[in-house]
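Residue numbers (the numbering used here), protein chains in the order written: chain B, 29 to 540; chain D, 24 to 453.
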């Protein structure tokens with residue numbers, strides 16, 4: 029195998045207002061290799077790939093990109109594609125109502141006298157599909173083929189652009205076992221034909237199986253590059269690189285006061301809302317004690333949110349089977365109002381699109397999940413609303429000139445406090461907090477942790493879903509791990525370490 | 024300007040839209056040589072536009088929830104003909120007719136609400152179908168004929184408050200109404216001061232309240248004078264009275280009740296609302312149903328005014344109502360809008376119509392001017408939002424009834440989302 033370098037990214041630094049997403053990241057990809065990029069959620073992997081593909085144009089970042097021996101300055105995706113770098117995003121960018129052939133040649137249609145040459149399109153589509161091992165009619169609509177095949181169409185599309193470096197962001201995240209294996213085989217096949225691949229993945233077993241080198245990124249910095257064969261890398265080695273950060277004392281003091289088990293879910297099975305045979309929760313069992321903070325660990329897409337939302341009044345997916353017990357009694361929560369009535373609260377991971385009405389102001393957001401409580405004789409009592417919002421503003425120390433301000437104006441941390449106060453006002457027994465500190469700065473994180481602990485001290489049960497293992501280790505009394513919709517482990521805080529959790533979260537073969 | 028601010032406090036904005044309306048009235052009063060502010064013309068204005076304004080009340084709720092209703096004109100016409108025939112052939116009394124009309128509106132609304140809320144078809148499509156369907160139904164039931172309605176029924180469309188009590192030279196009920204309104208304004212100001220003091224907020228100085236109440240009362244009393252001194256037999260029109268009652272009721276519902284909050288929540292962010300326990304389907308159903316009931320009412324008032332129901336009643340009403348709502352500061356993307364704002368938007372259109380007519384400007388020019396006014400009003404909004412400044416019409420109307428809508432920073436509404444006044448957007452917003 030020729031060992032020259034196809035791509036070198038040198039000292040890439042990319043800043044967003046207030047945040048350094050990438051700082052001095054360097055990565056070298058050899059020609060004809062599969063190069064994996066590993067890191068926790070938010071480590072900066074996707075940002076790096078956006079820099080590489082020109083989505084963040086030259087000038088938006090500092091550092092240099094050398095591709096095939098010369099420095100390149102991409103100003104958009106088209107210019108990077110012209111150079112032979114094609115990125116395939118996690119969410120597929122295919123148009124469902126167009127055919128396979130139309131999608132492959134979209135924006136790149138061969139023409140004769142200004143008219144699309146359909147014979148050529150279909151002929152070339154057949155060739156490209158043969159190269160990725162796909163046998164379909166080129167006129168089949170994208171929506172009529174499965175996700176696995178759609179992924180192949182994406183790759184065929186990349187090949188049509190004479191790709192030299194293919195970037196795949198979580199290529200197997202949405203695929204089942206067989207499709208994943210097929211895709212990995214295809215990637216090896218491309219490698220043998222001299223096409224280099226950069227692959228972002230959370231599935232360490234796949235990386236171990238296929239990658240030639242691995243660059244580990246942590247907190248926006250490139251930590252190390254491992255060569256799989258030369259260095260004899262295994263999953264443990266990758267995990268150590270990914271989490272190798274010291275646990276600072278980022279958590280307020282808290283002594284748990286655990287009560288009896290009051291909330292329990294048994295054999296919870298839920299189907300995907302649109303893909304009929306896919307399960308997002310597979311016979312999950314878990315319980316919560318009073319005063320307990322329970323962590324749900326799992327990588328993005330593992331089914332943590334899906335599980336939580338399906339429990340919260342079946343607000344996600346197709347309920348298949350399972351039981352919920354509250355204080356030993358079985359309850360059926362078919363809708364969100366029923367779930368709220370039963371004392372559940374769910375704080376979403378996606379504040380902007382699922383958690384807040386950005387047109388609304390702080391005070392009406394605060395009371396919006398429990399309007400009944402401040403309504404007398406049909407009239408919503410606005411004085412009461414103001415008073416309650418003020419109380420929460422003070423007790424959660426939300427930074428805002430007034431509760432009359434719009435929530436859209438607040439920072440992430442303060443928005444989160446408003447969302448928390450909205451759910452605290454429903455006086456829940458169990459709070460499910462989905463990524464409660466995502467997109468929040470360190471200071472506000474500390475305060476949110478304090479609020480969570482205070483809620484637990486009041487005898488409420490709290491479930492914290494998080495991608496940040498240090499956060500779970502610092503906060504939880506007990507942690508469940510989730511992988512591909514199934515609960516793969518339950519560890520008490522004393523026994524948990526980042527390594528042991530990461531193993532269970534990635535369903536490593538070496539898991540205990 | 025500073026003294027204005029003092030008088031109206033932080034609420035200067037909420038009067039801005041009214042100022043625009045007043046400026047328009049004064050302009051026409053001056054241009055027409057005093058023909059605008061006369062008893063007769065004012066009554067005309069109210070009688071001739073009340074049904075559009077009633078539609079605007081329902082329409083603003085529909086639009087806040089993120090939908091649109093194109094069928095209101097046809098629904099109004101269908102309700103009108105059914106009621107007219109019911110009274111003629113079955114001998115129903117006028118109140119029976121009204122009841123039948125409202126019931127029919129509810130049934131039609133349930134039909135449309137079902138498709139929109141529970142089947143999930145975009146309201147644009149459902150009501151476009153409804154527009155054809157109920158227009159056809161009107162002409163089928165009425166055999167494309169005009170059907171007259173009895174005198175009792177005409178009262179709701181063209182009646183006036185009756186003469187009662189001692190002879191004062193004025194219409195006594197109109198006087199009473201005006202005085203009650205003034206009393207309410209004073210009471211409300213006193214209550215607000217008390218409330219502010221109780222919550223610990225800053226209470227405006229006494230003279231500020233006095234000037235404010237004085238100005239509003241003067242305006243009300245002047246209107247009262249106009250309406251109470253019309254030619255014999257006329258006074259404050261009944262359609263205006265119905266409209267006023269509806270404004271109060273729906274202003275109250277949209278501001279102060281859970282149902283109203285839920286409409287804003289569903290329009291603002293449907294998913295967030297659902298995860299907060301709002302039953303968005305029910306909200307959508309109710310909003311569509313309410314619109315059709317109001318459309319039926321508007322149809323009956325129009326029939327009452329024109330003394331007969333015809334096959335082409337209500338053609339184009341939906342567009343007038345929608346225009347009023349958007350001039351009144353509502354957003355195509357939903358979540359924003361007020362009942363009062365829409366009424367003012369409708370009045371701006373009505374005054375324009377009326378004034379241009381008095382000036383003898385033809386229907387062709389009138390339409391052109393109205394079209395431009397709509398475009399400019401909304402363009403101003405869009406421009407201001409993309410500039411990161413708050414919307415003008417939104418600002419002007421947002422504080423009515425304390426339903427304040429915060430300004431959106433530019434990052435939330437990207438320029439892309441602002442070019443949203445297109446059919447596609449309307450359709451996709453379901």
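Yeah, the Cβ is synthetic: ideal placement off N, Cα and C, and Gly gets one too.
Three Cβ pairs or more, each shorter than 8 Å: is that satisfied between the segment 137-149 of chain B and the segment 203-221 of chain B?
Contact between the segment 137-149 of chain B and the segment 203-221 of chain B is absent, because fewer than three Cβ pairs lie under 8 Å.
Does the Cβ-Cβ distance between residue 341/B and residue 359/B come in under 8 Å?
Stepping through the first chain from its first residue, residue 341/B is reached at position 313. Stepping through the first chain from its first residue, residue 359/B is reached at position 331. No.
Under 7 Å between beta-carbons, which chain A residues line up against residue 213/D? List them in chain order, please.
No chain A is present in this structure, whose protein chains are B and D.
Which residues share a DSSP beta bridge with residue 514/B?
Start at 1 with the first residue of the first chain, and residue 514/B comes out as number 486. Under DSSP, residue 514/B shares a beta bridge with 511/B.
Answer with yes or no whether the minimum CB distance from residue 365/B to chain D is below 8 Å.
Counting from 1 along the first chain, the entry for residue 365/B is found at position 337. Residue 365/B counts as touching chain D.
Cα-Cα separation, residue 64/B to residue 530/B
Counting from 1 along the first chain, the entry for residue 64/B is found at position 36. Counting from 1 along the first chain, the entry for residue 530/B is found at position 502. Computed Cα separation, rounded: 17 Å.
Would residue 288/D pass as an interface residue toward chain B - the criterion being a Cβ-Cβ separation below 8 Å?
Position 265 of the second chain, counted from the first residue, corresponds to residue 288/D. Under the 8 Å criterion on CB atoms, residue 288/D is classed as interfacial with respect to chain B.
Strictly below 7 Å CB to CB, what residues from chain B border residue 279/D?
Counting from 1 along the second chain, the entry for residue 279/D is found at position 256. For residue 279/D, the chain B residues whose Cβ falls inside 7 Å of its Cβ are 407, 408, in order along the chain.
Using only alpha-carbon positions, find the residue among 385/B, 370/B, 299/B, 335/B that is nearest to residue 287/D.
Position 264 of the second chain, counting from 1, holds the residue named residue 287/D. Distances from the alpha-carbon of residue 287/D to those of 385/B, 370/B, 299/B, 335/B put 385/B closest.
Looking at C-alpha atoms only, which residue of 381/B, 402/B, 166/B, 514/B is the closest neighbour of residue 453/B?
Counting from one through the first chain, the residue named residue 453/B turns up at place 425. Here the closest residue by C-alpha is 402/B.
Any idea which residues DSSP pairs residue 90/B with across the strands?
Residue numbering aside, residue 90/B sits at position 62 when the first chain is read from its first letter. For residue 90/B, DSSP records a beta bridge to 41/B.
Helix, strand or coil at residue 438/B [DSSP, three-state]
Counting from one through the first chain, the residue named residue 438/B turns up at place 410. Looking at residue 438/B - three-state DSSP - the assignment turns out to be coil, as it is neither helix nor strand.
Please list, in chain order, the residues of the segment 216-233 of chain D that have any C-beta partner in chain B closer than 8 Å.
Flagged, chain order: 218, 221, 222.
Using a Cβ-Cβ cutoff of 7 Å, what residues of the segment 365-383 of chain B are near chain D? List them in chain order.
Taking 7 Å as the Cβ-Cβ cut-off, the segment 365-383 of chain B approaches chain D at 365, 368, 374, 376, 381, 382, 383, given in chain order.
In three-state DSSP terms, what is residue 171/D?
Along the second chain, read from residue 1 onward, the residue named residue 171/D stands at position 148. In this structure, residue 171/D counts as strand in the three-state DSSP scheme.
Indicate whether residue 392/D and residue 375/D have their beta-carbon atoms separated by less than 8 Å.
Along the second chain, one-based indexing puts residue 392/D at 369. Along the second chain, one-based indexing puts residue 375/D at 352. Yes, the pair counts as a contact, with Cβ atoms nearer than the cut-off.
On the criterion of 16 or more Cβ atoms from any shown chain inside 10 Å, does residue 341/D qualify as buried, or is it exposed?
The residue labelled residue 341/D in the question sits at position 318 within the second chain. Burial call: buried.
Is residue 423/B buried or exposed, if buried means 16 or more other CB atoms sit within 10 Å of its CB?
Taking the first residue of the first chain as position 1, residue 423/B is located at position 395. Exposed, since its Cβ has fewer than 16 Cβ neighbours within 10 Å.
From this set, 229/B, 177/B, 369/B, which residue's C-alpha is nearest residue 327/B's C-alpha?
Along the first chain, one-based indexing puts residue 327/B at 299. Checking every option, the nearest Cα to that of residue 327/B belongs to 229/B.
Should residue 292/B be listed as close to the ligand MG, given that the test is whether its C-beta is under 7 Å from any heavy atom?
Of ligands this structure carries none, so the ligand MG is not represented either.
By the criterion of Cβ-Cβ separation under 9 Å, what are the contact partners of residue 84/B in chain D?
Taking the first residue of the first chain as position 1, residue 84/B is located at position 56. None at all; the shortest Cβ gap to chain D is about 17 Å.
Given that residue 411/B touches chain D, what residues does it touch there, using C-beta distances under 9 Å?
Taking the first chain and counting its residues from 1, one reaches residue 411/B at position 383. Result: 218, 221, 222.
DSSP beta-bridge partners for residue 260/D?
Position 237 of the second chain, counting from 1, holds the residue named residue 260/D. Beta-bridge annotation (DSSP): residue 260/D is paired with 183/D.
Report the neighbours of residue 298/D on chain B: residues whose CB is nearer than 7 Å to its CB, in chain order.
If you number the second chain from 1, residue 298/D lands on position 275. What residue 298/D touches in chain B: 343, 364, 374, 376, 382.
Is the distance from the Cβ of residue 178/B to the Cβ of residue 218/B below 8 Å?
As a working mapping, residue 178/B is identified with position 150 in the first chain. As a working mapping, residue 218/B is identified with position 190 in the first chain. Their beta carbons are not under 8 Å apart, which means residue 178/B does not touch residue 218/B by this criterion.
Looking at chain B, which residues of the segment 359-384 of chain D have a Cβ within less than 8 Å of any of its Cβ atoms?
Residues 359.
With the cut-off set at 8 Å, would you say residue 112/B and residue 191/B are in Cβ contact?
Sequence index remark: in the first chain, residue 112/B carries index 84 (1-based). Sequence index remark: in the first chain, residue 191/B carries index 163 (1-based). In contact: residue 112/B and residue 191/B (Cβ atoms closer than 8 Å).
Mind checking if residue 386/B is an interface residue toward chain D, Cβ cutoff 8 Å exclusive?
Along the first chain, read from residue 1 onward, the residue named residue 386/B stands at position 358. Closer than 8 Å: yes.
CB contact check: residue 291/D to chain B, cutoff 8 Å:
Taking the second chain and counting its residues from 1, one reaches residue 291/D at position 268. Yes, its Cβ sits closer than 8 Å to a Cβ of chain B.
I'd like to know if residue 426/B contacts chain D, where contact means its C-beta is closer than 8 Å to some C-beta of that chain.
Taking the first residue of the first chain as 1, we reach residue 426/B at position 398. No - not a single Cβ of chain D is within 8 Å of the one on residue 426/B.
Could you work out which residue in 130/B, 172/B, 289/B, 171/B is closest to residue 314/B when comparing CA atoms only?
Residue mapping note: residue 314/B aligns to position 286 of the first chain, counting from 1. Of the listed residues, the one whose Cα sits closest to residue 314/B is 289/B.
Return the CA-CA distance between residue 496/B and residue 233/D, expressed in angstroms with no decimal places.
Mapped onto the first chain, residue 496/B falls at position 468. Mapped onto the second chain, residue 233/D falls at position 210. Looking at the two C-alpha atoms, the distance is approximately 60 Å.
With a threshold of 8 Å between beta carbons, is residue 419/D in contact with chain B?
Translated into the one-based positions of the second chain, residue 419/D becomes position 396. Bear in mind that a pLDDT of 45 at residue 419/D, under 50, signals an unreliable position, so the number given afterwards is only what the model happens to contain. It does not: the Cβ of residue 419/D has no partner Cβ on chain B nearer than 8 Å.
Below-8 Å beta-carbon distance, residue 302/D vs any chain B residue
Counting from 1 along the second chain, the entry for residue 302/D is found at position 279. With 8 Å as the cut-off, residue 302/D counts as an interface residue toward chain B.
Excluding the 5 residues preceding and the 5 following residue 335/B in the sequence, name in chain order all residues of the same chain whose CB lies nearer than 8 Å to its CB.
Residue mapping note: residue 335/B aligns to position 307 of the first chain, counting from 1. Once the five neighbours on either side are set aside, the close Cβ partners of residue 335/B are 296, 298, 308, 309, 312, 324, 510, 513.
Please compile the residues from chain D whose C-beta is within a distance smaller than 8 Å of the C-beta of residue 414/B.
Here the question's residue 414/B lines up with position 386 in the first chain. Within 8 Å Cβ-Cβ: 222.
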